Amino acid sequence: MILPKFEYKKASSIADAIALYKGKKGKAVYLAGGTDLIPLIKQRLSMPSAVIDLKGIDELKSIARKDGWFEIGANVTLFDLKNNPAIDNFPALYESLEATACETLQMRGTIGGNILQDTRCLEHNQSLEWRTARGFCLRSGGKECNVVKGSKICFANYCSDNAPALVTLGAEAKLAGPKGERVIKLAALFTGDGLKPFAVDAGEILTQIRIPAKKTKGAYEKLRVRESMDYPLVGVAVSSLGAGAKICVGGVGLQPRIYERKNTDLDAGIKEIADKASTDAKPVANAVVSPAYRKKMVGVLIKRAIKRAIGEGK
Amino acid sequence: MKTTRVSFEINNERVSLDVRPYETLLETLRERLALTGAKEACGMGSCGACTVVINGVPVRSCLVLTPEADGAVITTVEGLRQDGSLHPLQQAFMEKGAVQCGFCTSGMIMTAKALLDRNKKPTKKEIINTISSNICRCTGYKKIIEAVEDAAKKM
Chain V
1 MILPKFEYKK ASSIADAIAL YKGKKGKAVY LAGGTDLIPL IKQRLSMPSA
51 VIDLKGIDEL KSIARKDGWF EIGANVTLFD LKNNPAIDNF PALYESLEAT
101 ACETLQMRGT IGGNILQDTR CLEHNQSLEW RTARGFCLRS GGKECNVVKG
151 SKICFANYCS DNAPALVTLG AEAKLAGPKG ERVIKLAALF TGDGLKPFAV
201 DAGEILTQIR IPAKKTKGAY EKLRVRESMD YPLVGVAVSS LGAGAKICVG
251 GVGLQPRIYE RKNTDLDAGI KEIADKASTD AKPVANAVVS PAYRKKMVGV
301 LIKRAIKRAI GEGK
Chain E
315 MKTTRVSFEI NNERVSLDVR PYETLLETLR ERLALTGAKE ACGMGSCGAC
365 TVVINGVPVR SCLVLTPEAD GAVITTVEGL RQDGSLHPLQ QAFMEKGAVQ
415 CGFCTSGMIM TAKALLDRNK KPTKKEIINT ISSNICRCTG YKKIIEAVED
465 AAKKM
């Protein structure tokens, strides 16, 4: 598929990238690995006037332990992160990286790009010709959602494997933009608004992800049709640090859903939490398996993930 | 729109050319350099038929803008043959019958080459994990895996 016209700019520093963005008056997009962005542009789901390549910025590529945090530059590839010795402390994150796409795409795709990947829907992630013939959905500029007829809200799925794992680890995100730098909880990055899924301001760059540098137990479970490489239809991450645990469900709806258990053994009341998460999940018919199946699998995967996290089951 | 000047080393040859800023590396290889070994199948990064090796890393060339490859060292399937003899992977693919329609083959070989360059003795599990980056719809994975194992022994 042929790309539409745009300019290519390579940024040498974060400040340079932001300056380039300002020069394009909001019509530019940032490029890291491109494994999410380039297909979106090919399908005319993103129509930038310029693409600003961040791959030349060295400070976005570092991994370091500092002041009790494990700091990961946003442009660290999933493959490099997976193979970093410190990853042993974060089994949920390791398993989520292993489950993302395939090895070749892990070598190109970055952790920042994986977190900021666009939400997905069978009615949206299609070529311009397909969408024109079908009639545009709400997100593509139509009047209503094509999946839930009459709906004025979008039900696309957030399909990052790594973000749910990072959320269970208490990750924070560092952003730099025209208004300066800020650090937020990773969980606060998600808006739940289908037309603007991320709380990222115009021109802001996700520069770093950091997680408390403490050894955790955990696991990541993923429902997908094609084992070798596929987006999650449901993804469940579990991480535990001593007493208590965090559980995060991704792949269903616009943002990951978080469950926190305090001062209790990880395996106490697994059934209750699995049932609650399954009830809470509201999948719609916008993925390749039925909503009922995905809803049921939320609970099943939570049970599996917890059992593996505490060392039972395979 | 203005073209961009890019230079890279491809199959041991220095190349400088003017490209569109929104041109993919796959388009450049196939249409400007007549290197048609890398194939366009899905064009969306799913299948791996367009895989080439950039700076030692296997990459889907349909997702790379040519300006991104400025200054890079690129190897395509055409660059594997040395002094008139085939690369052990090419030889093994032929001997093991790891080719059916052949459309995925160059991508499979380039993905396998990058694996063998960084890991001289991969286990069968590692080969399967790596080769699952590439999709073959003739269902011939068994012989492809055997061919990579065979080539690893001979390299």
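Keeping their order, the protein sequence lines are chains V and E.
Position one of the first sequence corresponds to residue 1 (the numbering used here), numbered consecutively onward.
Position one of the second sequence corresponds to residue 315 (the numbering used here), numbered consecutively onward.
The beta carbon of each residue, even a glycine, is placed where N, CA and C say it ideally should be.
On a predicted model such as this, the values are computed, not experimentally measured, just so you know.
Could you check which residue in E:V462, E:K435, E:A466, E:R346 has the C-alpha nearest to that of S446 (chain E)? Residue 446 (chain E) sits at position 132 when you count from the first residue of the second sequence. Of the candidates E:V462, E:K435, E:A466, E:R346, the one whose C-alpha sits nearest the C-alpha of S446 (chain E) is E:V462.
Curious, which full-length alpha helix (DSSP H) runs of at least 4 residues does the stretch 22-47 of chain V contain? 37-42
What does the alpha-carbon distance come out to for the pair A176 (chain V) and V183 (chain V)? Here residue 176 (chain V) is taken as the residue at index 176 of the first sequence, counted from 1. Here residue 183 (chain V) is taken as the residue at index 183 of the first sequence, counted from 1. If you take the alpha carbons of A176 (chain V) and V183 (chain V), they lie about 9 Å apart.
Run down chain V in chain order and give the residues with a C-beta less than 7 Å from the C-beta of G357 (chain E). Residue mapping note: residue 357 (chain E) aligns to position 43 of the second sequence, counting from 1. Those are M1, K42, listed as they occur along chain V.
Is there a Cβ of chain E sitting closer than 8 Å to that of G34 (chain V), yes or no? Translated into positions along the first sequence, residue 34 (chain V) becomes position 34. Yes - at least one Cβ of chain E is within 8 Å of the one on G34 (chain V).
Would you tell me roughly how many angstroms separate the C-alpha atoms of V367 (chain E) and K25 (chain V), rounded to the nearest one? Reading the second sequence from its first residue, position 53 is the one you call residue 367 (chain E). Reading the first sequence from its first residue, position 25 is the one you call residue 25 (chain V). Cα to Cα, the separation comes out at about 36 Å.
Quick check: the stretch 68-77 of chain V against the stretch 111-122 of chain V, are there 3 or more CB pairs under 8 Å? yes
Using 8 Å as the threshold, is the C-beta distance between E123 (chain V) and N157 (chain V) below it? Locating residue 123 (chain V) in the first sequence gives position 123, counting from the first residue. Locating residue 157 (chain V) in the first sequence gives position 157, counting from the first residue. In this structure, N157 (chain V) does not lie closer than 8 Å to E123 (chain V) by Cβ.
Beta-carbon neighbours of M315 (chain E), restricted to chain V and to distances below 9 Å: The residue you call residue 315 (chain E) lines up with position 1 of the second sequence. Under the 9 Å cutoff, chain V gives K5, F6, E7.
Three or more C-beta pairs below 8 Å linking the stretch 232-240 of chain V and the stretch 293-303 of chain V: yes
Can you tell me the Cα-Cα spacing of K55 (chain V) and Y30 (chain V), whole angstroms? Residue mapping note: residue 55 (chain V) aligns to position 55 of the first sequence, counting from 1. Residue mapping note: residue 30 (chain V) aligns to position 30 of the first sequence, counting from 1. Whole-angstrom Cα-Cα distance: 10 Å.
Grab me the residues of S140 (chain V)'s own chain with a C-beta within less than 7 Å of its C-beta, minus the 5 sequence neighbours each way, in chain order. By 1-based counting over the first sequence, the position of residue 140 (chain V) is 140. So the qualifying residues of the chain are H124, R131.
Three-state secondary structure (DSSP) at R182 (chain V)? Reading the first sequence from its first residue, position 182 is the one you call residue 182 (chain V). In this structure, R182 (chain V) counts as strand in the three-state DSSP scheme.
Since K316 (chain E) is in the alpha helix (DSSP H), which residue starts that stretch and which ends it? Residue mapping note: residue 316 (chain E) aligns to position 2 of the second sequence, counting from 1. Taken as a continuous stretch (DSSP letters only), K316 (chain E) belongs to no alpha helix (DSSP H), as it is neither H nor E.
Do you know offhand how far S321 (chain E)'s Cα is from P381 (chain E)'s? The residue you call residue 321 (chain E) lines up with position 7 of the second sequence. The residue you call residue 381 (chain E) lines up with position 67 of the second sequence. Taking the straight line from one Cα to the other gives about 9 Å.
Chain-order list of residues whose beta-carbon lies under 6 Å from that of A64 (chain V) (same chain, five-residue window excluded): Residue mapping note: residue 64 (chain V) aligns to position 64 of the first sequence, counting from 1. Same-chain partners within the cutoff: E71.
For a contact defined as C-beta to C-beta under 8 Å, what are the partners of L331 (chain E) on chain V? Position 17 of the second sequence, counting from 1, holds the residue named residue 331 (chain E). Here the premise fails: no neighbours, minimum Cβ distance about 15 Å.
Rounded to whole angstroms, how far is the Cβ of I302 (chain V) from the Cβ of I273 (chain V), which I believe are closer than 8 Å? As a working mapping, residue 302 (chain V) is identified with position 302 in the first sequence. As a working mapping, residue 273 (chain V) is identified with position 273 in the first sequence. Right, the Cβ-Cβ distance comes to about 6 Å (below 8 Å), so this counts as a contact.
In angstroms, rounded to a whole number, what distance separates the CA positions of F6 (chain V) and G68 (chain V)? Numbered from its first residue, the first sequence carries residue 6 (chain V) at position 6. Numbered from its first residue, the first sequence carries residue 68 (chain V) at position 68. Answer to the nearest angstrom: the Cα atoms are 42 Å apart.
Within the 8 Å Cβ cut-off, does T338 (chain E) reach chain V? Numbered from 1 along the second sequence, position 24 holds the residue referred to as residue 338 (chain E). For T338 (chain E), the answer is yes, since a Cβ of chain V falls inside 8 Å of its Cβ.
Segment contact flag, the stretch 359-373 of chain E with the stretch 402-412 of chain E, C-beta cutoff 8 Å, min 3 pairs: no
Mind listing, in chain order, the continuous beta strand (DSSP E) runs of no fewer than 3 residues lying wholly within the stretch 134-220 of chain V? 172-177, 180-185, 205-212
Between the alpha carbons of A28 (chain V) and I52 (chain V), how many angstroms are there, rounded? Indexing the first sequence from 1 puts residue 28 (chain V) at position 28. Indexing the first sequence from 1 puts residue 52 (chain V) at position 52. In a straight line, the C-alpha of A28 (chain V) is about 7 Å away from that of I52 (chain V).
Proximity of A383 (chain E) and L339 (chain E) at Cβ, strictly below 8 Å: Locating residue 383 (chain E) in the second sequence gives position 69, where the first residue counts as 1. Locating residue 339 (chain E) in the second sequence gives position 25, where the first residue counts as 1. Yes, the Cβ-Cβ distance between A383 (chain E) and L339 (chain E) is below 8 Å.
I'd like the span of the alpha helix (DSSP H) that includes I458 (chain E), first residue to last. Indexing the second sequence from 1 puts residue 458 (chain E) at position 144. Start and end: 455-468.
Would you mind telling me which residues of chain E sit closer than 8 Å to M107 (chain V), beta carbon to beta carbon, in chain order? Here residue 107 (chain V) is taken as the residue at index 107 of the first sequence, counted from 1. In chain order: V371, P372, V373.
By DSSP's criteria, Y259 (chain V) is part of a beta bridge. Which residues make up the other side? Indexing the first sequence from 1 puts residue 259 (chain V) at position 259. Per DSSP, V:I247.
Looking at the C-beta of N443 (chain E), does it have a partner C-beta in chain V at a distance below 8 Å? In the second sequence, residue 443 (chain E) corresponds to position 129, counting from 1. Interface residue, yes.
At the 8 Å Cβ level, is V378 (chain E) part of the contact set with chain V, yes or no? In the second sequence, residue 378 (chain E) corresponds to position 64, counting from 1. Yes, because at least one Cβ of chain V sits closer than 8 Å to the Cβ of V378 (chain E).
Let me see if you follow: with CB-CB separation under 8 Å, is S447 (chain E) close to chain V or not? Numbered from its first residue, the second sequence carries residue 447 (chain E) at position 133. S447 (chain E) counts as touching chain V.
What residues from chain V crowd round P381 (chain E), counting only those whose CB sits closer than 7 Å? Numbered from 1 along the second sequence, position 67 holds the residue referred to as residue 381 (chain E). Per Cβ cutoff of 7 Å: Y8.
So G431 (chain E) and G370 (chain E) are in contact, right, with Cβ under 8 Å, and what is the actual spacing, rounded? Counting from one through the second sequence, the residue named residue 431 (chain E) turns up at place 117. Counting from one through the second sequence, the residue named residue 370 (chain E) turns up at place 56. This sequence places Asp at residue 431 (chain E); Gly is not what is there. Contact flag correct, Cβ pair sits at about 6 Å.
Under three-state DSSP, which class holds L54 (chain V)? Position 54 of the first sequence, counted from the first residue, corresponds to residue 54 (chain V). L54 (chain V) falls in the coil class under three-state DSSP.
Indicate whether at least one CB of chain V lies closer than 8 Å to the CB of G362 (chain E). Position 48 of the second sequence holds residue 362 (chain E). Chain V, which has a Cβ nearer than 8 Å to the Cβ of G362 (chain E), makes this yes.
Determine, using beta carbons only, whether S228 (chain V) comes closer than 8 Å to chain E. Locating residue 228 (chain V) in the first sequence gives position 228, counting from the first residue. Yes, because at least one Cβ of chain E sits closer than 8 Å to the Cβ of S228 (chain V).
Chain V contacts made by the stretch 405-436 of chain E, where a contact means CB separation under 7 Å: T425
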